[in-house]
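J.: Pasting a structure below so you can have a look.
Residue numbers (the numbering used here): 171 to 345.
Structure follows, in structure tokens:
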């Protein structure tokens, strides 16, 4: 009996593919409006689908775009089965915007800039934004907690978001 030789290596590493792109696919799905658990499931489905067939990497950008499109297709299928409508009307424009913001590092530089800029906000602004976007609290609830009017809470959050935008833009332009 003759031993068979192992197949030739193509240089493709599925572990590296997942390590390099998993966070970017998950963030893309979250940006499209997926809940955390659904984004995790669809990210996993995306890689399982891609790894079922031979895969050839042409470039990092092409691979990222292919994975985003596959993940988006899974999201569309899920939404159809659930009888829901996707909120993103022009996915091509969304994808171009995502690519320009996320860059080649799956959004790591952007996320680092956001964390740094958020740390420089005042305590009340941080609390208001955390309550609104992390805890999904109403403006009335935020106003009550901060002992200000609803209009005051709205203005505080608008100013904080403007500060974040300016800070992030400044960091990304200078890096």
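For glycine and all other residues, C-beta sits at the position ideal for the given N, C-alpha and C.
With C-beta atoms as the reference, is residue 221 less than 9 Å away from residue 184?
T.: On the chain shown, position 51 is the one that residue 221 refers to. On the chain shown, position 14 is the one that residue 184 refers to. For residue 221 and residue 184, yes; Cβs fall inside 9 Å.
J.: Where residue 234 and residue 188 are concerned, what is the direct C-alpha to C-alpha distance, given to the nearest angstrom?
T.: Numbered from its first residue, the chain shown carries residue 234 at position 64. Numbered from its first residue, the chain shown carries residue 188 at position 18. If I take the Cα positions, the gap works out to 11 Å.
J.: Restricting to Cα atoms, I'd like to know which of 281, 317, 282 and 212 is closest to residue 297.
T.: Position 127 of the chain shown, counting from 1, holds the residue named residue 297. Among 281, 317, 282 and 212, the Cα nearest to that of residue 297 is on 317.
J.: How long is the line joining the alpha carbons of residue 301 and residue 267, rounded to whole angstroms?
T.: Locating residue 301 in the chain shown gives position 131, counting from the first residue. Locating residue 267 in the chain shown gives position 97, counting from the first residue. Cα to Cα, the separation comes out at about 27 Å.
J.: Assuming residue 248 contacts residue 199 under a Cβ cut-off of 8 Å, what Cβ separation, rounded to an integer in Å, is found between them?
T.: One-based indexing of the chain shown puts residue 248 at position 78. One-based indexing of the chain shown puts residue 199 at position 29. With 8 Å as the limit, residue 248 and residue 199 do not qualify as a contact, their Cβ atoms being about 10 Å apart.
J.: CB residue 323 to CB residue 335, shorter than 9 Å?
T.: Residue mapping note: residue 323 aligns to position 153 of the chain shown, counting from 1. Residue mapping note: residue 335 aligns to position 165 of the chain shown, counting from 1. Not closer than 9 Å, so no.
J.: Hey, how far is the Cα of residue 228 from the Cα of residue 209?
T.: By one-based count along the chain shown, residue 228 stands at place 58. By one-based count along the chain shown, residue 209 stands at place 39. In a straight line, the C-alpha of residue 228 is about 26 Å away from that of residue 209.
J.: Could you tell me the boundaries of the alpha helix (DSSP H) in which residue 244 lies?
T.: Residue numbering aside, residue 244 sits at position 74 when the chain shown is read from its first letter. Here the alpha helix (DSSP H) through residue 244 covers 230–252.
J.: What residue does the alpha helix (DSSP H) around residue 207 start on, and which one ends it?
T.: Indexing the chain shown from 1 puts residue 207 at position 37. Start and end: 206–221.
J.: Per DSSP, what kind of secondary structure is residue 183 in: helix, strand or coil?
T.: Position 13 of the chain shown holds residue 183. Of the three classes helix, strand and coil, the one that applies to residue 183 here is coil, per DSSP.
J.: When the Cα atoms are used, what is the spatial distance from residue 319 to residue 214?
T.: Translated into positions along the chain shown, residue 319 becomes position 149. Translated into positions along the chain shown, residue 214 becomes position 44. Whole-angstrom Cα-Cα distance: 44 Å.
J.: Alpha carbon to alpha carbon, how far is residue 204 from residue 194? Give it in angstroms, no decimals.
T.: The count along the chain shown starts at 1 and reaches residue 194 at position 24. The count along the chain shown starts at 1 and reaches residue 204 at position 34. Those two C-alpha atoms are separated by around 14 Å.
J.: Any idea what DSSP makes of residue 303, helix, strand or coil?
T.: In the chain shown, the residue the question calls residue 303 occupies position 133. Three-state DSSP puts residue 303 in a helix.
J.: Taking 9 Å as the threshold (C-beta atoms), are residue 337 and residue 286 in contact?
T.: The residue you call residue 286 lines up with position 116 of the chain shown. The residue you call residue 337 lines up with position 167 of the chain shown. Yes, the Cβ-Cβ distance between residue 286 and residue 337 is below 9 Å.
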